[in-house]
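Written out below as structure tokens is the structure these notes cover.
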Amino acid sequence: MEYMQDTWYPLCFAREIGRQPTRRTVIEKNVVLYRKEDGALVALDDMCPHRFAPLSLGTLRGDDLQCGYHGMTFNGAGKCVRIPGQDLIPANAAVKSYPVDEHIGLVWIWPGDALRADRAKLYDLAQYHDPARWTVVLGESLAIDTNYLNLADNLTDPAHVSFVHVSTLGNAASENVPVKHERIGDQILVHRWILDGPVIPVFAKLGSFKGNVDRWHYYHFHTPSIAVIDFGTADAGLIDRELGDRDRGMRVFACHYITPVDGRSCIDHWAHVRNFALGDEAVSAAISRQLALAFDEDKLILEAIQREEDRLAGSGRKLKLAIDGGSLRMRRLVGEMIERERGNDVKAAG
Amino acid sequence: MNVTVTDRDGAAHRLAAEEGGKLMEAIREAGLPIRAECGGNCICSTCHVYVDEAWIDRLPARSNDEVETLDLAVEVRPTSRLSCQIVMTEALDDLRVTLAPEAP
Numbered sequence: 000m001e002y003m004q005d006t007w008y009p010l011c012f013a014r015e016i017g018r019q020p021t022r023r024t025v026i027e028k029n030v031v032l033y034r035k036e037d038g039a040l041v042a043l044d045d046m047c048p049h050r051f052a053p054l055s056l057g058t059l060r061g062d063d064l065q066c067g068y069h070g071m072t073f074n075g076a077g078k079c080v081r082i083p084g085q086d087l088i089p090a091n092a093a094v095k096s097y098p099v100d101e102h103i104g105l106v107w108i109w110p111g112d113a114l115r116a117d118r119a120k121l122y123d124l125a126q127y128h129d130p131a132r133w134t135v136v137l138g139e140s141l142a143i144d145t146n147y148l149n150l151a152d153n154l155t156d157p158a159h160v161s162f163v164h165v166s167t168l169g170n171a172a173s174e175n176v177p178v179k180h181e182r183i184g185d186q187i188l189v190h191r192w193i194l195d196g197p198v199i200p201v202f203a204k205l206g207s208f209k210g211n212v213d214r215w216h217y218y219h220f221h222t223p224s225i226a227v228i229d230f231g232t233a234d235a236g237l238i239d240r241e242l243g244d245r246d247r248g249m250r251v252f253a254c255h256y257i258t259p260v261d262g263r264s265c266i267d268h269w270a271h272v273r274n275f276a277l278g279d280e281a282v283s284a285a286i287s288r289q290l291a292l293a294f295d296e297d298k299l300i301l302e303a304i305q306r307e308e309d310r311l312a313g314s315g316r317k318l319k320l321a322i323d324g325g326s327l328r329m330r331r332l333v334g335e336m337i338e339r340e341r342g343n344d345v346k347a348a349g
Numbered sequence: 000m001n002v003t004v005t006d007r008d009g010a011a012h013r014l015a016a017e018e019g020g021k022l023m024e025a026i027r028e029a030g031l032p033i034r035a036e037c038g039g040n041c042i043c044s045t046c047h048v049y050v051d052e053a054w055i056d057r058l059p060a061r062s063n064d065e066v067e068t069l070d071l072a073v074e075v076r077p078t079s080r081l082s083c084q085i086v087m088t089e090a091l092d093d094l095r096v097t098l099a100p101e102a103p
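These protein sequence lines are chains A and B, in that order. When you line the first sequence up against numbering that gives the first Met the number 0, it's residues 0 to 349, in that order. When you line the second sequence up against numbering that gives the first Met the number 0, it's residues 0 to 103, in that order.
Written out as structure tokens, the structure is:
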């Protein structure tokens, strides 16, 4: 399958990587990750060029990684620094090293042309840096056996919430509320307001709403695999939708940092951010529990869809309904960016 | 008012259309085979038609949404339109269109 290459993919939570060489897979590339003694991250192709043993089975020697098979040793730039049994190190004894960065609690990797890797292009979540107004909770790594675009479909699609998440994030009041979508640069925004209806279970537990509420879904998708879902609730009539001051209500961002693993699996590294009960660990844990429950509901459906896609082997065609505008636009945008990148490669080669 | 729709076998059908209604609805109501999966919301492109050359300049231009959604269609031509985005007005009486091939 084709993927964007010149982009920062979320790879894992930063807390997962230490002094133990660890394998992760992104867009069908196996990468070994570790930290140098000063904490700096290293990402190398996870295959020794000698006999193809995974370097993640090896051992760290200071800042260098020694293959577990015959002791070939590579530095953090992927350059071979030792071959036991010979003095000469041939020029082709090297492994690819990837640009890697630690940012907003995650490890990010740039699989494409290292010369184009630009820190300024890292996805940033402004709320992560503003603890006076927001509490950030880094959640779990949820492995889902489905193509990452199936998960991205789900995360550009507020309409499923009324049916999949009735015990947590949704209720029937939103079933027929139309979904609006727009493209903003290389982002997709899908949104809707559900006015003057009952509160959803998660806010019934956390809030103290007396009567009907207005609630919102603002689904932000950043190519190729980041979704930030701004959802929240306020007393009916409190917030002027045009002014958009959603901080007056209870507001949660569910963040999904997706690692596309291969054509039929991905990992959803999720987190959440909120503007109420700041620093309250019991509330953090309660939201995490509710979201974990909801994301397991998505996983069940998305994995079953993948099994159907495997069985059909490309012969099926999905209906395109009124609610699908956001997802279809998302897929078009990802496709367009892959095309654009191919154009860049042609220009660079020419 | 009326429109003439040529189906994918080349047969022409003269249909009644309602003023203020969508061309897509007139085609569907006549039983001609367009899917119109998204119900006229400019999402799916399955109501794709070619507008007769003589008529194309008399239609309001495509919106950005229509241009984007046409990306999903096959064999798109300069005269391609989504029939759910064509609202029938007096000026479009006797409009002629042809059903485009179905996207796979």
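Here a beta-carbon is modelled for each residue, glycine too, at the ideal position from N, C-alpha and C. Every value quoted in this text rests on a predicted model; they were computed, and no experiment measured them.
Query: A:Thr258 and A:Arg34 closer than 9 Å at C-beta; Result: no
Query: Terminal residues of the alpha helix (DSSP H) in which A:Asn146 lies; Result: Looking at the DSSP string, A:Asn146 is not in any alpha helix (DSSP H), and its letter there is neither H nor E.
Query: Contact set between the region 299-320 of chain A and chain B, restricted to residues whose Cβ is under 7 Å from the partner; Result: Arg316, Leu318, Lys319, Leu320
Query: Reduced DSSP secondary structure (H/G/I, E/B, other) of A:Tyr127; Result: helix
Query: For A:Pro9, the three-state DSSP class (helix, strand or coil); Result: strand
Query: Which residues DSSP lists as bridging A:Met329, in chain order; Result: BP columns for A:Met329 are empty, so no partner.
Query: Burial state of A:Gly57 (16 or more Cβ within 10 Å); Result: buried
Query: Minimum Cβ-Cβ distance from A:Arg331 to chain B less than 9 Å; Result: yes
Query: A:Thr222 in three-state terms, based on DSSP; Result: coil
Query: Buried versus exposed call for A:Lys209 [16 or more other C-beta atoms within 10 Å across all chains shown]; Result: exposed
Query: B:Arg76, DSSP secondary structure in three states; Result: coil
Query: CB contact flag (A:Ala142, A:Cys265, <9 Å); Result: yes
Query: Secondary structure of A:Leu242, DSSP reduced to three states; Result: coil
Query: Distance between beta carbons of A:Leu168 and A:Ile199, contact taken as under 8 Å; Result: 6 Å
Query: Residue span of the alpha helix (DSSP H) that contains A:Pro259, given as start and end; Result: Segment 249-261 is the beta strand (DSSP E) holding A:Pro259; no alpha helix (DSSP H) there.
Query: According to DSSP, residues forming a beta bridge with A:His350; Result: Since the first residue of chain A shown is 0 and the last is 349, residue 350 of chain A is not available in this structure.
Query: B:Val50 and B:Thr68 closer than 9 Å at C-beta; Result: no
Query: A:Ser326, buried or exposed, once every other Cβ within 10 Å from all chains shown has been counted against 16; Result: buried
Query: Euclidean distance between Cα positions of A:His271 and A:Val41; Result: 27 Å
Query: Beta carbon proximity, A:Leu32 to chain B, threshold 9 Å; Result: no
Query: Three CB pairs or more closer than 8 Å across the region 177-185 of chain A and the region 319-338 of chain A; Result: yes
Query: Same chain only: Cβ atoms within 6 Å of A:Pro98, ignoring 5 sequence neighbours per side; Result: Trp109, Ala113, Ala116
Query: Separation of A:Tyr127 from A:Leu237, as counted between CA atoms; Result: 26 Å
Query: Members of the region 28-48 of chain B that neighbour chain A once the beta carbon cut-off is set at 9 Å; Result: Arg34, Glu36, Cys37, Gly38, Gly39, Asn40, Cys41, Ile42, Cys43, Ser44, Thr45
Query: Three-state class that DSSP yields for A:Trp109 in the structure shown; Result: coil
Query: Within chain E, partners of B:Leu71 - CB distance below 9 Å; Result: Absent here is chain E; the protein component of the structure consists of chains A and B.
Query: Simplified DSSP assignment, three categories, for A:Phe294; Result: helix
Query: Beta-carbon neighbours of A:Asp323, restricted to chain B and to distances below 8 Å; Result: Cys37, Ile42, Cys43
Query: Secondary structure of B:Lys21, DSSP reduced to three states; Result: strand
Query: Proximity test, Cβ basis, 9 Å: B:Glu67 and chain A; Result: yes
Query: Same chain, Cβ closer than 7 Å to A:Gly262, neighbours up to 5 away in sequence not counted; Result: Met0, Asn146
Query: Contact list for B:Pro103 against chain A, beta-carbon separation under 8 Å; Result: Arg316
Query: Cα-Cα separation between A:Asp152 and A:Tyr2, rounded to whole angstroms; Result: 16 Å
Query: CA-to-CA distance, A:Thr72 to A:Asn170, given in whole angstroms; Result: 57 Å
Query: Inter-residue spacing [alpha-carbon to alpha-carbon] between A:Val251 and A:Phe230; Result: 6 Å
Query: Pick from A:Ala39, A:Cys47, A:Gly38, A:Arg14 that is closest to A:Val30, judged by C-alpha positions; Result: A:Cys47
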